[in-house]
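S.K.:
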Amino acid sequence: MIGTSPARTFIAHAVLVLGIVIVAFPIYYTFVASTHTLQTILRPPLPLWPGGEFWTNYSEALSGGVRRIGGVGVGTLLFNTTVMALGIAIGKIIISILSAYAIVFFRFPLRMTFFWLIFITLMLPVEVRILPTYKVMVQFGLIDTYAGLILPLIASATATLLFRQFFMTIPGELVEAARVDGAGPWRFFFDILLPLSRTNIAALFVILFIYGWTQYLWPLLITNSNDMNTIVIALRKMISFADADTQWQLVMVTAMLAIVPPILVVVLMQRWFVRGLVDSEK
Amino acid sequence: MATVDLKDVRKVYSGGVEAVKGVSIAIPDKALCVLVGPSGCGKSTLLRMIAGLETITSGTCAIDGNVVNEVGPTERDIAMVFQNYALYPHMKVYDNMAYGLRNRGTPKAEIERRVREVAETLELAHLLDRRPRQLSGGQRQRVAMGRAIVRKPKVFLFDEPLSNLDAKLRGQMRVEIRNLQSKLGVTSVYVTHDQLEAMTLADMLVVMNAGMVEQIGQPLDVYERPASIFVASFIGAPPMNLLPLSETGSGLALADGSAIAGSLPASKAVTLGFRPEDVNVNYDGRALPGALTLPVTVDAVEPVGAESFLHCASGGGRVVARVAGRAAAKPGDKIDLVAQAGKLHWFDGAGRRLE
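Protein sequence lines correspond, in order, to chains A and B. Mapped onto the UniProt record's numbering, the consecutive letters of the first sequence carry residue numbers 1 to 282. Mapped onto the UniProt record's numbering, the consecutive letters of the second sequence carry residue numbers 1 to 355.
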């Protein structure tokens with residue numbers, strides 16, 4: 001078994017540490033680069049230790065010192081991206097939990113047809129429907145709006161299926177007990193189903209938030225003005241083909257700041273859904 | 001409080017399966033009616049139709065004189081105890097019990113008072129802050145009962161509530177349910193497949209088979225005068241001994257052709273039955289005065305303490321005899337079983353009782 005002798009424990013830890021170093025080094029290197037001047041970065045080799053430009057670089061990026069994206073501060077970019085990622089994650093969860101609720105707990109004509117309609121959208125990648133979607137968004141006048149960023153990405157067959165599978169494990173007796181106790185469909189949904197789904201919702205939220213945070217193609221199409229850019233788009237725009245034209249130290253700062261919110265979400269939600277798992281075992 | 005009247009109730013599922021084939025039962029006020037039968041006999045379906053969880057294909061179900069066919073489970077004013085308790089896993093015991101009252105808009109103080117009162121009765125007062133998963137099976141059972149009781153419904157419905165408990169706890173809870181029901185005086189319908197539970201709990205016993213009622217009556221009446229072969233073999237453990245008969249020129253004979261000694265059986269009878277405890281064992285071969293003397297060979301002896309069961313082979317088929325204390329027979333012994341005339345049951349070709 002694992003960890004039965006000190007030697008084995010040592011080897012196991014050595015492998016883990018090595019893995020962490022390999023994964024973490026590029027991130028550390030990005031951080032190092034974000035604390036040096038552009039000249040230091042452009043003149044190899046790059047030092048392995050952080051430089052003294054931390055405050056200068058970070059305040060410049062946050063106050064909008066990046067010329068190539070029209071001087072928009074990283075704060076605005078973070079805000080835009082947060083709104084989009086939250087909108088997509090929350091919207092997807094609401095839409096999919098409601099459709100799964102309808103499909104599992106109600107009997108209505110064409111129920112299975114609707115289920116399969118949702119299911120087959122899984123087979124169409126976003127890129128296939130991106131032009132018609134773009135046209136619709138233009139006609140709605142949703143270019144350069146948060147709604148335009150969020151709405152087309154909300155529909156989710158995967159999340160619907162996930163909730164459907166979970167709802168089907170809820171014992172019929174529980175549903176009937178609630179009916180006898182006088183809980184109508186909404187009461188049942190809010191009092192029983194939602195609390196029981198909270199670990200699923202937490203897990204999905206993490207996945208969907210990161211999905212929304214890293215969206216590239218759609219925000220690229222739907223935003224024109226610099227102050228509606230998401231951080232991923234802005235990062236792309238900051239980089240020019242000519243090295244001298246790129247403010248690498250600020251690119252590194254933006255990259256560092258871009259990974260902070262997803263990390264926060266993972267760390268915070270992880271604690272939350274571990275507690276959920278321990279707390280509400282059926 | 002309430003009566004429950006079922007009139008010619010039928011349930012046909014969309015696939016064409018007929019689960020309940022015309023059942024009529026009139027349950028008087030305050031009675032505990034037990035529906036008993038093997039799996040798939042339609043007893044649970046019937047209960048769920050009374051609860052309003054299944055639609056009624058035809059016939060009527062009336063609670064307190066009002067036909068409730070089209071009324072939802074909430075408005076029927078019933079409370080149900082489920083086999084797996086169906087407690088809300090994310091709610092504390094208190095909230096589990098209060099949930100139904102809250103949904104009905106009962107004032108908070110009233111809910112508090114009633115939940116505390118019921119918790120006291122069921123010895124749950126110290127568990128009100130726990131979650132269902134922190135409770136033992138027996139405690140969960142009590143919470144499920146408590147949830148039903150706080151509502152003060154017209155009718156209690158029990159769907160095999162004790163089948164997930166161990167044998168000892170089951171016996172204990174059985175007595176508790178019986179006491180509670182008579183104390184509260186709430187009309188109850190109780191579904192079980194356990195004939196012991198049925199016998200001990202029921203004011204009114206309904207034996208069901210294949211979607212139909214075989215017999216309705218008081219438990220001991222059903223036991224002493226089973227209306228059919230099915231009831232005779234279902235109620236009682238070990239079940240009634242049943243021997244097929246054939247007609248000979250002079251009268252009736254057992255399967256091996258030996259004529260039945262003793263008094264005359266009813267004509268047209270094709271099956272003879274007697275309870276294991278209704279035979280006397282004659283060890284020494286002397287004829288005893290009795291209605292039926294059956295020579296048998298002992299196959300096995302099962303001593304269970306206060307009594308022993310003798311499993312025997314006779315010319316007419318296998319029979320079981322129950323004797324008090326230890327049996328003075330061992331496998332291979334040839335003995336006579338003697339049954340009194342009044343203790344014999346006769347059934348016709350359709351399995352119905354002959355008087």
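For glycine and all other residues, C-beta sits at the position ideal for the given N, C-alpha and C.
(1) For chain B, find out if any of its Cβ atoms is closer than 8 Å to the Cβ of glutamate 173 of chain A; answer yes or no.
(2) Please report the straight-line C-alpha distance between serine 280 of chain A and valine 213 of chain B, rounded to a whole angstrom.
(3) Residues of chain B with a CB under 8 Å from the CB of residue 288 of chain A: which are they?
(4) Do the segment 41-61 of chain B and the segment 207-222 of chain B touch if we need at least three Cβ pairs shorter than 8 Å?
(5) If the cut is a Cβ gap below 7 Å, which residues of chain A does glycine 100 of chain B touch?
(6) Between the C-alpha atoms of serine 314 of chain B and valine 338 of chain B, what's the straight-line distance to the nearest angstrom?
(7) Under 8 Å Cβ to Cβ from leucine 130 of chain B, same chain only, skipping five residues before and after it: list those, please.
(8) If you measure beta-carbon to beta-carbon, which residues of the segment 220-250 of chain B are closer than 8 Å to chain A?
(9) Does the beta carbon of glutamate 127 of chain A come closer than 8 Å to any beta carbon on chain B?
(10) Here's a check: name, in chain order, each residue in its chain whose Cβ is nearer than 6 Å to the Cβ of threonine 246 of chain A, leaving out the five neighbours to either side.
(11) For tyrosine 13 of chain B, count neighbouring Cβ atoms within 10 angstroms of its own Cβ and tell me buried if that reaches 16, exposed if not.
(12) Using a C-beta to C-beta distance shorter than 8 Å, which residues of chain B count as neighbours of isoleucine 97 of chain A?
(13) In this structure, does DSSP put histidine 13 of chain A in helix, strand or coil?
(14) At a Cβ threshold of 8 Å, is alanine 177 of chain A touching chain B?
(15) Can you name the residues of chain B whose CB is closer than 7 Å to the CB of arginine 187 of chain A?
(16) Taking the straight line between their C-alpha atoms, what separation do you get for aspartate 8 of chain B and glutamate 70 of chain B?
(17) To which residues of the same chain is glutamine 181 of chain B closer than 6 Å at the C-beta, ignoring the five residues directly before and after it?
(18) Who does asparagine 241 of chain B pair with in a DSSP beta bridge?
(19) Would you call the segment 213-220 of chain A in contact with the segment 114-125 of chain B, where contact means no fewer than 3 C-beta pairs closer than 8 Å?
(20) For asparagine 209 of chain B, which of helix, strand or coil comes out of DSSP?
(21) Measure from the alpha carbon of leucine 151 of chain A to the alpha carbon of each residue in A:Leu221, A:Leu204 and A:Met137, then state which is nearest.
(22) Measuring only the C-alpha atoms, how far is glutamate 176 of chain B from proline 303 of chain B?
(23) Report yes or no: is there a C-beta of chain A within less than 8 Å of the C-beta of asparagine 66 of chain B?
(24) Do valine 301 of chain B and leucine 310 of chain B have their C-beta atoms closer together than 8 Å?
(25) Assuming the contact rule is C-beta atoms closer than 8 Å, arginine 174 of chain B and leucine 162 of chain B should be a hit. Round their C-beta distance to whole Å, please.
(26) Kindly indicate the opening and closing residues of the beta strand (DSSP E) around proline 219 of chain B.
(27) Between leucine 254 of chain B and valine 36 of chain B, is the Cβ-Cβ spacing less than 8 Å?
(28) Output, in chain order, the set of chain A residues within a Cβ distance shorter than 8 Å of asparagine 84 of chain B.
(29) Using 8 Å as the limit for Cβ to Cβ distance, is isoleucine 78 of chain B near chain A?
(30) Among the candidates A:Thr133, A:Tyr134 and A:Asn229, whose CA atom is the shortest distance from the CA of valine 74 of chain A?
(31) How should aspartate 336 of chain B be labelled, buried or exposed, when 16 other C-beta atoms within 10 angstroms of its C-beta is the threshold for buried?
(32) Measuring straight from C-alpha to C-alpha, what distance separates valine 21 of chain A and histidine 13 of chain A?
(33) Distance check for isoleucine 95 of chain A and alanine 255 of chain A, CA to CA, integer angstroms please.
(34) Rounded to a whole number of angstroms, what is the C-alpha to C-alpha distance between alanine 2 of chain B and alanine 202 of chain B?
(35) Apply the 10 Å Cβ neighbour rule to phenylalanine 25 of chain A and answer buried if 16 or more other Cβ atoms are within range, or exposed otherwise.
(36) Applying the 10 Å Cβ sphere with the 16-neighbour rule, what's the burial state of asparagine 57 of chain A?
M.R.: According to the structure data:
(1) As a first step, residue 173 of chain A must be located in the first sequence, where it is residue number 173. By this cut-off, glutamate 173 of chain A is an interface position.
(2) Counted from its first residue, the first sequence places residue 280 of chain A at position 280. Counted from its first residue, the second sequence places residue 213 of chain B at position 213. Note that serine 280 of chain A scores a pLDDT of 47, beneath 50, so its modelled location is shaky; the value from the coordinates is reported in the next line. Distance between the alpha carbons of serine 280 of chain A and valine 213 of chain B is about 43 Å.
(3) The structure shown does not extend to residue 288 of chain A, since chain A spans only 1 to 282, so no value can be given for it.
(4) yes
(5) The residue labelled residue 100 of chain B in the question sits at position 100 within the second sequence. Going along chain A in sequence order, the residues near glycine 100 of chain B (Cβ under 7 Å) are Asp181 and Gly182.
(6) The residue labelled residue 314 of chain B in the question sits at position 314 within the second sequence. The residue labelled residue 338 of chain B in the question sits at position 338 within the second sequence. So the alpha carbons of these two residues sit roughly 12 Å apart.
(7) Reading the second sequence from its first residue, position 130 is the one you call residue 130 of chain B. Strictly speaking, residue 130 of chain B in this sequence is arginine, with leucine absent from that position. Taken in chain order, the residues that qualify are Lys92 and Val93.
(8) none
(9) What you label residue 127 of chain A is simply residue 127 of the first sequence in a count that begins at 1. Not an interface residue.
(10) Here residue 246 of chain A refers to the residue found at position 246 when the first sequence is read from its first residue. Here the set comprises Ile239 and Ser240.
(11) Residue numbering aside, residue 13 of chain B sits at position 13 when the second sequence is read from its first letter. Tyrosine 13 of chain B comes out exposed.
(12) For the purposes of this step, residue 97 of chain A is taken as residue 97 along the first sequence, with counting starting at 1. Simply none; closest approach about 16 Å.
(13) By one-based count along the first sequence, residue 13 of chain A stands at place 13. The answer is helix: DSSP assigns histidine 13 of chain A an H, G or I state.
(14) Indexing the first sequence from 1 puts residue 177 of chain A at position 177. Answer yes: the Cβ-Cβ gap between alanine 177 of chain A and chain B drops below 8 Å somewhere.
(15) Residue mapping note: residue 187 of chain A aligns to position 187 of the first sequence, counting from 1. Going along chain B in sequence order, the residues near arginine 187 of chain A (Cβ under 7 Å) are Asn103.
(16) On the second sequence, residue 8 of chain B is found 8 positions in, with the first residue counted as 1. On the second sequence, residue 70 of chain B is found 70 positions in, with the first residue counted as 1. In a straight line, the C-alpha of aspartate 8 of chain B is about 16 Å away from that of glutamate 70 of chain B.
(17) Taking the first residue of the second sequence as 1, we reach residue 181 of chain B at position 181. Contacts found: Leu32 and Ser188.
(18) Sequence index remark: in the second sequence, residue 241 of chain B carries index 241 (1-based). Partner(s): B:Phe274.
(19) no
(20) By 1-based counting over the second sequence, the position of residue 209 of chain B is 209. It is a strand residue.
(21) Counting from one through the first sequence, the residue named residue 151 of chain A turns up at place 151. With distances taken between Cα atoms, leucine 151 of chain A lies closest to A:Met137.
(22) Your numbering for residue 176 of chain B matches position 176 in the second sequence. Your numbering for residue 303 of chain B matches position 303 in the second sequence. If you take the alpha carbons of glutamate 176 of chain B and proline 303 of chain B, they lie about 30 Å apart.
(23) One-based indexing of the second sequence puts residue 66 of chain B at position 66. Closer than 8 Å: no.
(24) The residue you call residue 301 of chain B lines up with position 301 of the second sequence. The residue you call residue 310 of chain B lines up with position 310 of the second sequence. Yes, the Cβ-Cβ distance between valine 301 of chain B and leucine 310 of chain B is below 8 Å.
(25) Here the question's residue 174 of chain B lines up with position 174 in the second sequence. Here the question's residue 162 of chain B lines up with position 162 in the second sequence. With a Cβ gap of about 7 Å, arginine 174 of chain B and leucine 162 of chain B count as contacting.
(26) Taking the first residue of the second sequence as 1, we reach residue 219 of chain B at position 219. No beta strand (DSSP E) holds proline 219 of chain B; the alpha helix (DSSP H) holding it covers 219-224.
(27) By one-based count along the second sequence, residue 254 of chain B stands at place 254. By one-based count along the second sequence, residue 36 of chain B stands at place 36. Going by C-beta atoms, leucine 254 of chain B is not nearer than 8 Å to valine 36 of chain B.
(28) To locate residue 84 of chain B, count along the second sequence from 1; it is residue 84. Here the neighbours are Pro171 and Glu173.
(29) Position 78 of the second sequence holds residue 78 of chain B. Yes, because at least one Cβ of chain A sits closer than 8 Å to the Cβ of isoleucine 78 of chain B.
(30) Looking up residue 74 of chain A in the first sequence gives position 74. The option with the nearest alpha carbon to valine 74 of chain A is A:Asn229.
(31) On the second sequence, residue 336 of chain B is found 336 positions in, with the first residue counted as 1. Flag for aspartate 336 of chain B reads buried.
(32) The residue given as residue 21 of chain A occupies position 21 in the first sequence. The residue given as residue 13 of chain A occupies position 13 in the first sequence. If I take the Cα positions, the gap works out to 12 Å.
(33) Within the first sequence, the letter at position 255 stands for residue 255 of chain A. Within the first sequence, the letter at position 95 stands for residue 95 of chain A. The straight-line gap from Cα to Cα measures roughly 32 Å.
(34) The residue given as residue 2 of chain B occupies position 2 in the second sequence. The residue given as residue 202 of chain B occupies position 202 in the second sequence. In a straight line, the C-alpha of alanine 2 of chain B is about 17 Å away from that of alanine 202 of chain B.
(35) In the first sequence, counting from the first residue as 1, residue 25 of chain A sits at position 25. Phenylalanine 25 of chain A is exposed by the Cβ-count criterion.
(36) By 1-based counting over the first sequence, the position of residue 57 of chain A is 57. Answer is buried; the Cβ neighbour count reaches 16.
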